[in-house]
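In our numbering, the protein residues as written are 1 to 139.
Put into C-alpha cells, the structure is as follows:
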C-alpha cells in the first residue's frame, strides 16, 4: 500500500486541531494548511487585533473591503439574521461589550447609554444582495 498515514497538529482560531489523513501523493499538506489557516485567521479571528473582523468590530469609523473569508462570514451573518427574523443580530457587539461579555469590563447600566447603543444595533440591509462592495459604519 503506497499510502502513508500523516498526522498534522497545531493551534489556530483560539483552539487546537489534529488532522489525520492517508497520503499517496507525497504532497506536503502542512505548509499549505498553515498558509490557509493564517489567511483565515487574518480575516475572521477575533483573537488577532489586526484581523479584518477585529478592525471591523473595534473601530468607530470603519471602511472594510468585502473580500475573501471576511466577505463570506459577513454575508452569511446577514443571511442568518434574515432567516431568524432578527433573533441573530451580528450588530450587538457594543451591547455585549457594555455588559462586560466582550472585550471591555462591565459598565454602569443607564437608560441613556443603552438607548444610545441600541441605535447602533440593527440590521441595515434588507437583503445581502444589496450590500455594497465596501461597508462603512460610523458609530
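Built from N, CA and C at the ideal position, the CB exists for glycine as well. In this text, all values refer to a predicted model and were calculated from it rather than measured experimentally.
heavy atom of the ligand MG below 7 Å from residue i C-beta
i: residue 81; result: With respect to small molecules bound, the structure shown includes none, and the ligand MG cannot be examined in it.
Which listed residue (the options) has its alpha carbon closest to that of residue i
i: residue 94; options: 57, 74, 71; result: 57
i: residue 37; options: 112, 13, 70; result: 13
Same chain, Cβ closer than 6 Å to residue i, five either side skipped, listed in chain order
i: residue 68; result: 43
Through-space distance from residue j to residue i, alpha-carbon basis
i: residue 6; j: residue 39; result: 23 Å
i: residue 139; j: residue 25; result: In this prediction, residue 139 has a pLDDT of 37, which is less than 50 and means its spatial position is unreliable; nothing more can be read from the coordinates.
i: residue 30; j: residue 21; result: 12 Å
i: residue 72; j: residue 90; result: 14 Å
i: residue 11; j: residue 17; result: 6 Å
i: residue 50; j: residue 70; result: 13 Å
i: residue 110; j: residue 82; result: 30 Å
i: residue 8; j: residue 41; result: 18 Å
i: residue 117; j: residue 55; result: 19 Å
i: residue 15; j: residue 48; result: 13 Å
i: residue 27; j: residue 45; result: 28 Å
i: residue 105; j: residue 77; result: 26 Å
Beta-carbon contacts of residue i that lie in its chain and below 7 Å, excluding the five residues immediately before and after
i: residue 102; result: 93, 96
i: residue 107; result: 98
Legend entry - Ordered list of beta strand (DSSP E) runs contained in the stretch 6 to 82, each at least 3 residues: 15 to 23, 61 to 65
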